[in-house]
Structures are given as C-alpha cells and as structure tokens.
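Peer 1: Quick one: the structure is below, questions incoming.
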Amino acid sequence: MAMTLAALLASPELRLVALTDAGDAADAPIQWAAVTELQDPAPFLGGGEVLLTTGLRQKTAAAQSAFVDRARHAGALALGYGTGLTHAKVPAAVVRRAAEVGLPVFEVPYATPFVAITRMIAEAIAADHLGRVERLLRGHQQLAAALLGGGGLGELLQELSRLLGASVALTQYGARVHGPSTASGAWHDIPIATGLKDRCTLYVAEPYPRDGLIDYAQSLIGVELASQARLRESRRTVAGQVLGDLTQGTIEGQDAALRLQTVGIAAAAPHSVLLVESSTGRPRALRSLPLPPELGDAASAVVDDRLAVVLETDDGAAAAERLAAYLQGAGIEARVAYGGSYAHASGLRWSYFEAVEALRHGEAVNKPSRLSLTSLLLAARDVPLGDLAAEALDPLEAFDAAHGADLLATLRSYLRLNGSAGAVAEDLGLHRNTVRYRLQQISELSGFDPTTTPDRVQLWLALAARDVH
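So, in structure tokens, the structure goes:
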C-alpha cells in the first residue's frame, strides 16, 4: 500500500510536526515528494505531492500566503516547511493561510534532511508498485488455473469475482450467461471480443480495484468463448451427419440408437425436435450459436443449414417459444418449428419431419400439423421430385412465357379447388370452356391429365416440390 500522509507524519525517525489538521488528506496516498524554492512551483506539480521548501524566497507574509495558494491550487497534498535555515520556525502567515484553504502543513526540523523524506516516500511507492505487480501476477495465475483446472468459464468468473471483491456477470447474445441481473445497481461494462457478432459483455459491480486484472480476464474470457464456439460447431457437424443419416433412412433400429447415443441422444426416451431456419439466407451464425441457458443441455446438430435441437420433453411448444424469444434478443432473424414428442429412433425421425413440414408455415414459431405423405416425400432425398417437377412443369412455364398464357395459374387453381372446372372459372374470371381447353393443353404439354386422380397427384407433388425448392 502506498504511503499516506498520516503514516509519513507518524514516522518516528523523521520527527515531523503537524501544524494544521490533515483532515481527509491524512489517509490519501502520497504520489511523490517535490522539493522547491520557487515562488510559484505550480508548473512542476502534478497533484498529490508532498511539497517541501525552506521558504528561501518567501520574505514577506504576502509572499508566504501567495505560495500557499499556488501550492493548493496546483493540487499539492501537503506542505512540509524546513526550519533552521531561512526561518527559525514556520511563518505564521503560512500556517494561517494553509488552515484557511485546507492545505496540511508540517514542520521539518533542521536535523531531518529533505532527502530522508523523499527516500521514504519513493521506497513506499516502489514497494507498493512491486506489491501490485506481484498481486497481479498471482491473479493471472489464479484465473488461468480456474479456467484450465476443469471448472471452465464459470469457475474463472467466480475466481475473478473473489479477486476483485465485486460481483461479476457475463452476457452473450443478449442472454445472461453468468452472475446476477445487471438491471439495477452500478455496473461497469467491458466488451469481450470473441470473433463473433455476439454482443458479449462482462459486467463488474462498482466499486472494484483498477489494477489490470480485468484486462487479463477479458482476454481469457474471449479466448474461451471462441474456443467453445468452434467446439460447438464441430460437434454439431458430427451430430448433423448422424441425424441426417437417420432422416434419410440409411440407419435404423439398434444401429440408429447406438449412433444417436454417441452424440448425446438417448433414443429410447421421448424426444421433440426443434428446427431453426435462418430468415435471411445466412445460416452461418446458427452453426456456433450457444443455446439459451434453459436449453443448454440439449443435443444440437446442423442439418441442411438448419439448427436442430433435440429435447427430452413433451412440451415442444414452450421450448420453441423460449428459443424464438432468445433468437430475437440475440438479433438473429430466424423461424422456429417443432415436432411432436415421440420415443425411439423412428419417433425422432417422425418428429423431425413434422418440424420440417411446420417450417413451411413461415411464422416466427411454427407448430406441427398432421404429417402428410406429401411432406414425407418432399423431405426424402432419394425421391427425384425435382426431376418430376421439371418434367411436368417446364413445358407449361415455357408455353406461358411464349404465349402470355396462364396454364400454371389455371393448374394451381384447379388443384386448390379440388378439380371443379366451374369453381376455377369463377376464381379466374373465365368461361368454363376456356378452363376445359386449358386443362387439355396442360395434359398435352406435361403428359399428365389433371382430370384423373393418379396424374393429379403427380402434378400436385410437382408443384409442391417446385414451391419448396
């Protein structure tokens, strides 16, 4: 600890005599000791010094009072007046004026050289600096040990709180990761650089010591969070391969259960699948996005640029709402959908397809509806629906473009209105014969007759596949 004015005055070897009340300055740390015989020492003071003088040029009471004023204005902590040379005792004008402006004054007897005072202060400052450096190094070691000793980020933040003697909190993507709420009280916020657009912030409750420990903690936290993001992305890639194989039907039964277990999913328990799809077409953030604390233990994967979260829950709706609120707070534009809760690998696959189907609704949170055969076909990778759509619809699109016709619009209306030519005529403002003529053109160009059930199914699937892709 740096030397205070009270400690300096109490030193028996210096034999200093206080002539005025030190007041609040008694416990203030001395920044340095300055010796001067100038009439105006202000240009050479930085504030917080003990100013030492023999008053060589202070011949009159006015000069003595003016010297005190200049020292006080320059921020001197106290004035030490040497006696036995220029003045037999400290001038009364100095003591009087110092008491008026609140500048502590003490007498330095002839037997005490100024150098003894400056040496004592310098040694105290050096010892204090060395002590702070040693404490800082110990703090660095303790923070690193807390992080690397198995406790992770939570242990690091707890150790930081202990070393600072202040509460700390950490937020990322707008969610509180550690510590108390920062809604009330005085907090100092420190941005954490992680390489991600995650608005990560460390909060430290005021007051706390500014000794450089925060800077080191700031670096450690940033490195740890960046490492966690890379690990999370890697694990989601691996889990995505397993979940992708399951949804494609290339693994099933016991083999599927074993593969799922390797990525933290116990297939025998009921699970609900949550899917997150970027609304901006930039899904990169989803690969490393941490889950909100209440979903932090759930298995997650990246499948087809979507984030899949597998939860052991029978309330996928509540989890989807929480996840959507978290994404909104994080500034990520995305849609969330969920499937029903089912047990075993086949049930997990079913829940996944329900969530895929629900995403087509386009809402912020999408609840599943009854899973249709159409949805399963659209989700299957080994069904060439893209080729079917091109074969059936490309000739219609080309004809419409060349002749300004509306065959595709007519076909959509016909399928939507359950094959009623009269309803299509009313919907599009056409004569029924015009509708029948267009249906004949559609049959000739596509090779599928929309008036027969098998071909109507083919055309429906073609349009659905075109809409999805």
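Residue numbering for the sequence shown follows my numbering, beginning at -16 and increasing consecutively. Glycine included, C-beta positions come from ideal geometry on N, C-alpha and C. Fair warning: this is a prediction, and the values are worked out from it, not measured in the lab.
1. Tell me which same chain residues have a C-beta within less than 7 Å of the C-beta of Asp438, skipping the five on either side of it?
2. Roughly how many angstroms lie between the CA atoms of Ile173 and Leu131, to the nearest whole one?
3. Could I get the ranges of all uninterrupted beta strand (DSSP E) runs contained in the stretch -9 to 64, with 3 residues as the minimum, in chain order?
4. Tell me whether the beta-carbon of Ala303 lies closer than 8 Å to the beta-carbon of Val285.
5. Do Arg395 and Leu446 have their beta-carbon atoms positioned less than 8 Å apart in this structure?
6. Taking Cβ to Cβ, would you say Val225 is nearer than 8 Å to Val246?
7. So, with DSSP's three-state summary, where would you put Asn416?
8. Going along the chain, which residues of its own chain have a beta-carbon closer than 8 Å to the beta-carbon of Ser(-6), five neighbours each way excluded?
9. What is the DSSP secondary structure of Pro453, counted as helix, strand or coil?
10. May I have the straight-line CA-CA distance separating Leu(-9) from Ser164, to the nearest angstrom?
11. Any idea if Leu354 is buried or exposed, counting beta-carbon neighbours within 10 angstroms, 16 or more meaning buried?
12. In three-state DSSP terms, what is Ala282?
13. Quick one: is Asp181 buried, meaning 16 or more other Cβ sit within 10 Å of its Cβ, or exposed?
14. Check Thr165 in the structure and name its three-state DSSP category.
15. Under the assumption that Val256 contacts Ala291 (Cβ atoms under 8 Å), give the Cβ distance between them as a whole number of angstroms.
16. If we ignore side chains and look at the alpha-carbon of each, how far apart do Val78 and Thr101 end up?
17. Under three-state DSSP, which class holds Pro253?
18. Taking Cβ to Cβ, would you say Val84 is nearer than 8 Å to Arg55?
19. Quick one: residues in its chain with C-beta nearer than 6 Å to the C-beta of Thr3, no 5 flanking neighbours on either side, listed in chain order?
20. In whole angstroms, what is the alpha-carbon distance linking Val51 and His112?
21. Distance check for Ala338 and Trp443, CA to CA, integer angstroms please.
22. Beta carbon of Ser283, beta carbon of Ala222: below 8 Å?
23. Quick one: Cα of Gln201 to Cα of Ala127, how far?
24. Using three-state DSSP, classify Leu179 as helix, strand or coil.
25. Taking only the alpha-carbon atoms, compute the straight-line gap between Trp15 and Tyr156 and give it to the nearest angstrom.
26. Measure from the alpha carbon of Asp23 to the alpha carbon of each residue in Cys183, Thr36 and Val0, then state which is nearest.
27. Where does the unbroken alpha helix (DSSP H) through Glu90 begin, and where does it stop?
28. Give the DSSP-derived three-state secondary structure of His171 in the structure shown.
29. Could you work out which residue in Tyr325, Ala328, Ser329 and Tyr321 is closest to Glu340 when comparing CA atoms only?
30. Could you pull the start and end residues of the alpha helix (DSSP H) that Thr184 belongs to?
31. Taking only three categories from DSSP, how would you classify Tyr309?
32. Please identify the residue among Leu208, Thr(-13), Val116 and Leu(-3) whose C-alpha is closest to the C-alpha of Asp10.
33. Which first and last residues belong to the beta strand (DSSP E) in which Thr220 is found?
34. Helix or strand or just coil, what does DSSP make of Thr154?
Peer 2: Considering the structure as presented:
1. Mapped onto the sequence shown, residue 438 falls at position 455. The residues are Phe431 and Asp432.
2. Reading the sequence shown from its first residue, position 190 is the one you call residue 173. Reading the sequence shown from its first residue, position 148 is the one you call residue 131. The straight-line gap from Cα to Cα measures roughly 22 Å.
3. Entirely contained in the stretch -9 to 64, the beta strand (DSSP E) runs reaching 3 residues are, in chain order, 15 to 18 and 32 to 36.
4. In the sequence shown, residue 303 corresponds to position 320, counting from 1. In the sequence shown, residue 285 corresponds to position 302, counting from 1. In this structure, Val285 does not lie closer than 8 Å to Ala303 by Cβ.
5. In the sequence shown, counting from the first residue as 1, residue 446 sits at position 463. In the sequence shown, counting from the first residue as 1, residue 395 sits at position 412. Contact: yes.
6. Counted from its first residue, the sequence shown places residue 225 at position 242. Counted from its first residue, the sequence shown places residue 246 at position 263. Contact: yes.
7. For the purposes of this step, residue 416 is identified with residue 433 of the sequence shown, where counting begins at 1. When secondary structure is reduced to three states using DSSP, Asn416 falls in the helix class.
8. Counting from 1 along the sequence shown, the entry for residue -6 is found at position 11. Only Met103 meet the Cβ criterion.
9. In the structure displayed, the chain extends from -16 to 452; residue 453 sits before or after that span and is not available.
10. Taking the first residue of the sequence shown as 1, we reach residue -9 at position 8. Taking the first residue of the sequence shown as 1, we reach residue 164 at position 181. Distance from the CA of Leu(-9) to the CA of Ser164, rounded to the nearest whole angstrom, comes to 44 Å.
11. Working through the sequence shown from its first residue, we reach residue 354 at position 371. Because the pLDDT at Leu354 is just 49, under 50, the model does not fix this residue reliably, and the point stays unresolved.
12. Position 299 of the sequence shown, counted from the start, is the residue given in the question as residue 282. Assignment of Ala282 by DSSP, reduced to helix, strand and coil, places it in the strand class.
13. The sequence position of residue 181 within the sequence shown is 198, counting from 1. Here Asp181 is buried. Its C-beta has 16 or more other C-beta atoms within 10 Å.
14. Taking the first residue of the sequence shown as position 1, residue 165 is located at position 182. Residue state, collapsed to three classes: coil.
15. Reading the sequence shown from its first residue, position 273 is the one you call residue 256. Reading the sequence shown from its first residue, position 308 is the one you call residue 291. With 8 Å as the limit, Val256 and Ala291 qualify as a contact, their Cβ atoms being about 6 Å apart.
16. Position 95 of the sequence shown, counting from 1, holds the residue named residue 78. Position 118 of the sequence shown, counting from 1, holds the residue named residue 101. Cα atoms of Val78 and Thr101: separation of roughly 22 Å, rounded to the nearest angstrom.
17. Here residue 253 is taken as the residue at index 270 of the sequence shown, counted from 1. Three-state result, Pro253: coil.
18. Here residue 84 refers to the residue found at position 101 of the sequence shown. Here residue 55 refers to the residue found at position 72 of the sequence shown. Note that the C-beta distance between Val84 and Arg55 is below 8 Å.
19. As a first step, residue 3 is located in the sequence shown; it is residue number 20 there, counting from the start. Counting only Cβ-Cβ distances below 6 Å, and skipping sequence neighbours, we find Ala81, Ala82, Pro87 and Val88.
20. Here residue 51 is taken as the residue at index 68 of the sequence shown, counted from 1. Here residue 112 is taken as the residue at index 129 of the sequence shown, counted from 1. Taken atom to atom, the span from the alpha-carbon of Val51 to that of His112 is near 31 Å.
21. Within the sequence shown, numbered from 1, the residue matching residue 443 stands at position 460. Within the sequence shown, numbered from 1, the residue matching residue 338 stands at position 355. Answer to the nearest angstrom: the Cα atoms are 21 Å apart.
22. Start at 1 with the first residue of the sequence shown, and residue 283 comes out as number 300. Start at 1 with the first residue of the sequence shown, and residue 222 comes out as number 239. Yes, Cβ-Cβ distance for Ser283 and Ala222 is below 8 Å.
23. The residue you call residue 201 lines up with position 218 of the sequence shown. The residue you call residue 127 lines up with position 144 of the sequence shown. Those two C-alpha atoms are separated by around 12 Å.
24. Your numbering for residue 179 matches position 196 in the sequence shown. For Leu179, the secondary structure class from DSSP, reduced to helix, strand or coil, is coil.
25. Translated into positions along the sequence shown, residue 15 becomes position 32. Translated into positions along the sequence shown, residue 156 becomes position 173. Those two C-alpha atoms are separated by around 46 Å.
26. Sequence index remark: in the sequence shown, residue 23 carries index 40 (1-based). Closest option to Asp23, Cα to Cα, is Thr36.
27. By 1-based counting over the sequence shown, the position of residue 90 is 107. Counting along the chain, no alpha helix (DSSP H) covers Glu90; the unbroken beta strand (DSSP E) around it starts and ends at Val88 to Val91.
28. On the sequence shown, position 188 is the one that residue 171 refers to. The answer is strand: DSSP assigns His171 an E or B state.
29. For the purposes of this step, residue 340 is taken as the residue at position 357 of the sequence shown. The shortest C-alpha separation from Glu340 is found at Tyr321.
30. The residue labelled residue 184 in the question sits at position 201 within the sequence shown. It is not in any alpha helix (DSSP H) - Thr184 instead sits in the beta strand (DSSP E) that spans Thr184 to Ala188.
31. In the sequence shown, counting from the first residue as 1, residue 309 sits at position 326. Correct three-state label for Tyr309: helix.
32. Start at 1 with the first residue of the sequence shown, and residue 10 comes out as number 27. Nearest C-alpha to Asp10 among Leu208, Thr(-13), Val116 and Leu(-3): Thr(-13).
33. Your numbering for residue 220 matches position 237 in the sequence shown. Per DSSP, Thr220 belongs to no beta strand (DSSP E); it is in the alpha helix (DSSP H), Leu196 to Gln231.
34. Along the sequence shown, read from residue 1 onward, the residue named residue 154 stands at position 171. DSSP places Thr154 within a strand segment (E or B) once states are collapsed to three.
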